[in-house]
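Beneath this line is the structure, given in structure tokens, with notes to follow.
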Amino acid sequence: MVKRTQKLPFLFCFSDELMDSATFVIIFLNGLYYAFALFLITIGLNILYGILRVLNIAHGGFYAMGAFITWFLMNAAEQAGAPIYLVWLCIPVGALLVALVSITLEPILFKRLYKLPEEYSLLATFALMLMLDDVLRMVFGGDPLSANQLFNYMGTISILGKTYPAYNFVIYACALILALGLWAFLYRTNMGRILRGAAQDSSMASALGVNTSILYTQVFFLAFFIAGLGGAVYLPATSAYSGMGFEAIVLSFVVMIIGGLGSLRGALVASLIIGLVRGFGIYYVPRLELAFVFIILIVTLIFRPRGLFGRKFTREEK
Amino acid sequence: MKPYQIVALIGLVIACLLPFIISKYYTFILAVTFCFAIYALGYNILFGRTGLLSFGHALYLGLGAYTVAFLMRPSLGAYRIFSMELILLIVIAVSLLVGLMLGAICVRYTRIFFGLINLGFVSLWYSLLYKLRDYTGGSDGLPVYMPTLFGIEFGYETFRTFVFYYYVLGIFLLAAFIMWRIYESPFGLALKAIRENGVRAEFIGIPIGRYRLAAYVISAIYGAIGGALWAPLSGQVSPDISSWLSSGDVVFMNILGGMHTFAGPIVGAFVFYNLKVQVMHFTTYWSIILGGIVIFFVIIFPGGIMGWVSRAIPKIRKRFYAQKD
Chain P
1 MVKRTQKLPF LFCFSDELMD SATFVIIFLN GLYYAFALFL ITIGLNILYG
51 ILRVLNIAHG GFYAMGAFIT WFLMNAAEQA GAPIYLVWLC IPVGALLVAL
101 VSITLEPILF KRLYKLPEEY SLLATFALML MLDDVLRMVF GGDPLSANQL
151 FNYMGTISIL GKTYPAYNFV IYACALILAL GLWAFLYRTN MGRILRGAAQ
201 DSSMASALGV NTSILYTQVF FLAFFIAGLG GAVYLPATSA YSGMGFEAIV
251 LSFVVMIIGG LGSLRGALVA SLIIGLVRGF GIYYVPRLEL AFVFIILIVT
301 LIFRPRGLFG RKFTREEK
Chain V
319 MKPYQIVALI GLVIACLLPF IISKYYTFIL AVTFCFAIYA LGYNILFGRT
369 GLLSFGHALY LGLGAYTVAF LMRPSLGAYR IFSMELILLI VIAVSLLVGL
419 MLGAICVRYT RIFFGLINLG FVSLWYSLLY KLRDYTGGSD GLPVYMPTLF
469 GIEFGYETFR TFVFYYYVLG IFLLAAFIMW RIYESPFGLA LKAIRENGVR
519 AEFIGIPIGR YRLAAYVISA IYGAIGGALW APLSGQVSPD ISSWLSSGDV
569 VFMNILGGMH TFAGPIVGAF VFYNLKVQVM HFTTYWSIIL GGIVIFFVII
619 FPGGIMGWVS RAIPKIRKRF YAQKD
């Protein structure tokens, strides 16, 4: 007899009393589900920190904005009776809209933060996060909004005799393609080389003829786009609710530190670690699930403050 | 008497007379404000003086508040403690211990790493408060009963709107006086040197690790006292007091008031909390206004209100004397 448990929000998890390989696979997949949400936020954070030295707390807000804008689009598409491929199109369009809206903040706010010490940029982006959350609440109301046409359209698939939503595999594929694409972009294209050069020494890059001002705007655009995409791609599986940015950003910081500030590889590995710890933690010890995550963070900071793949500190930074 | 002493004395006289002038509700609000002023004042020795930005100081606010609730739990039976003075002593001891333990880990880092490890600790603490429902009451929190002050029990309304205000004011004055002495001491000046340049401070023989730890512990104790005084006023403690958003509030108080001045955090706590109360009367979208103010201050006036005042006074004085001549 298969019993349904309600331990995981928004996810289907069917389990026997005993732990079997199928349950294990489901928990593992749920872990990946958490991991890739964090990954999509953290790579944006890491790009911004690695290149501009801005630690953007407001990034969770852009993630939330992605979910809300995509909800608006999908809702409109549903009311207009649009075919399903148009609903699919809402995801990239939503992410693009987030990037277009957010990029207007760059000259107003972020440009002024480059010169300030890191602590100030931390504060200013924290304040921006508060504002974004309230603006979203003001525009879209405080109730959770769900648009699950795609989720229902994809249906479920059977894994070792257990049902699992097929839409989640879209998320996994999306995150992996994005990770590979970013890696190829940064390490195989000319633009990527320029970016990495500017990250190491921006004044030298501008001396060599790189227009760093435009470059920085492009970097912001990319980071906002990825954050918006994260929110957009997760919307059909969950819902858009006020405060989702706050939840996401704290865990993303944990991922960022464990992986190492500014490291893409670190972001992937650490988000997998945190995602799986959460997945298994929710299943076995739901009470201490979050505590585990922060204990990992603290242990990392104590024994390896630069993270798994972070670069070494200079003397001044210590 | 120096001008700032006169201003402080006038402020004190006004603070003592206010409960007779303003309504009971505002006396209550003002008492809460003084609790936060103690908290902000303690935070300033870490942030403004030593230059360590912590995004997790609500841990100590929550520690103080929850200690009060724990000591008053009905399940303690005959061992329940209601004497506020005794409670405060226990709170100081607890926060000293916790501050020493966590501080020993935290002060090994500076800059954003310090901020983020504190964020880690406060999130851990918050998740424990939230999830260990049997001990902490989960999201409902714990009730806080009325303590006795100097062995005297007061009625509910008198306590919350009159007597406790003076109690908090007295402790605030004591705390501010001690903090002033710390700031003026060689230790306080050494902290300033550490803020300006840690490497050079080390070269001239300041043990920066131990001094940072001392600053951390002092701020922890102040935060816990603020929380312990706030708890009976609120009548209830819940995990929200220790969320990382609440940790952000104290940073805002310091930025708003001016973190490099002594009176800055006090002014900041007053402006911040009263602004919050006023704005919340007519809109729930308080964060937009708060966020806007903070961004404005960070970009245009990094010195805060008192920083601006302390720059403006010499100018005014110069103009005043110029007219006399």
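So the sequence lines, in the order shown, correspond to chains P and V. Following this note's numbering, the numbering of the first sequence begins with 1 at its first residue and continues without gaps. Following this note's numbering, the numbering of the second sequence begins with 319 at its first residue and continues without gaps. In this text, a Cβ means the ideal position worked out from N, Cα and C, and glycines have one as well. Please read all numbers here as calculations on a predicted model, not as lab measurements.
When Cβ-Cβ separations below 8 Å define contact, residue 65(P) makes no contact with chain V.
The Cβ atoms of residue 249(P) and residue 60(P) sit closer than 8 Å to each other.
Within the same chain, Cβ atoms closer than 7 Å to the Cβ of residue 265(P) are found at 309, the five residues on either side in sequence being excluded. In this chain, residue 165(P) is not harboured by any alpha helix (DSSP H); it is covered by the beta strand (DSSP E) spanning 162–165. When DSSP states are grouped into helix, strand and coil, residue 145(P) belongs to the strand group.
Interface with chain P (8 Å Cβ-Cβ cutoff): residue 423(V) is included. What residue 603(V) touches in chain P, judged by beta-carbon distance under 9 Å, is 134, 135, 137 and 138, going in chain order. Using a 10 angstroms sphere on the CB of residue 80(P), the tally of other CB atoms stays under 16, which defines it as exposed. Comparing alpha carbon positions, the residue from 208(P), 128(P) and 68(P) closest to residue 145(P) is 68(P).
In this chain, the beta strand (DSSP E) harbouring residue 158(P) covers 156–159. In this structure, the alpha-carbon of residue 406(V) lies about 35 Å from that of residue 627(V). In this structure, the straight-line span from the alpha carbon of residue 258(P) to that of residue 134(P) is close to 30 Å. Of all residues in the stretch 106–128 of chain P, the ones placed with a Cβ closer than 7 Å to any Cβ belonging to chain V are 109, 112, 118, 119, 120, 122, 123, 124, 126, 127 and 128, in chain order. About 14 Å separates the CB atoms of residue 377(V) and residue 432(V); that is not less than 8 Å, and the two are not in contact. Between residue 93(P) and chain V, the shortest Cβ-Cβ separation is not below 8 Å.
Identification of residues in the stretch 568–590 of chain V having a C-beta nearer than 9 Å to some C-beta of chain P yields 569, 570 and 573, given in sequence order.
Using beta-carbon distances, residue 560(V) does not count as an interface residue toward chain P, since no partner is under 8 Å. A residue is called buried when at least 16 other Cβ atoms come within 10 angstroms of its Cβ; residue 502(V) does not meet this threshold and is exposed. Following the DSSP letters along the chain, one finds residue 87(P) inside the alpha helix (DSSP H) bounded by residues 84–103. Proximity of the stretch 603–623 of chain V to the stretch 111–128 of chain P meets the contact definition, three or more beta-carbon pairs being nearer than 8 Å. DSSP places residue 401(V) in the strand class (E or B) of the three-state scheme. Against residue 429(V), the close residues of chain P are 117, 118, 119 and 317, in the order they occur along the chain (beta-carbon pairs closer than 9 Å). Excluding the 5 residues flanking it on each side, residue 132(P) has same chain C-beta neighbours closer than 8 Å at 58, 61, 62, 64, 65 and 245, in chain order.
The alpha helix (DSSP H) runs lying completely inside the stretch 110–141 of chain P and spanning 4 residues or more are 118–140, given in chain order. Across the structure, residue 188(P) and residue 299(P) are spaced so that their CA atoms are roughly 35 Å apart. Nearest C-alpha to residue 226(P) among 303(P), 46(P), 34(P) and 33(P): 46(P). Counting only Cβ-Cβ distances below 7 Å, residue 541(V) has no contacts in chain P at all, with the closest Cβ about 19 Å away. For residue 265(P), the closest Cβ of chain V is not nearer than 8 Å.
The beta carbon of residue 613(V) falls within 8 Å of a beta carbon belonging to chain P, placing the residue at that interface. Setting aside the 5 residues that flank it on each side, residue 526(V) is surrounded in the same chain by 512, 516, 519 and 520, each with a C-beta closer than 7 Å to its C-beta; the list follows chain order.
Judged by DSSP in its simplified three-state form, residue 522(V) adopts coil rather than helix or strand. With a cutoff of 8 Å on beta-carbon distance, residue 150(P) and residue 88(P) are scored as near each other. Residue-level contact by beta carbon holds for residue 445(V) and chain P, with a gap shorter than 8 Å.
Proximity of residue 210(P) to chain V, defined by a Cβ-Cβ separation below 8 Å, is not satisfied. Of the other Cβ atoms in all chains shown, 16 or more fall within 10 Å of the Cβ of residue 477(V); this residue is therefore buried. If you ignore the 5 residues before and after residue 153(P), its C-beta comes within less than 7 Å of the C-beta of 84, all in its own chain and listed in chain order.
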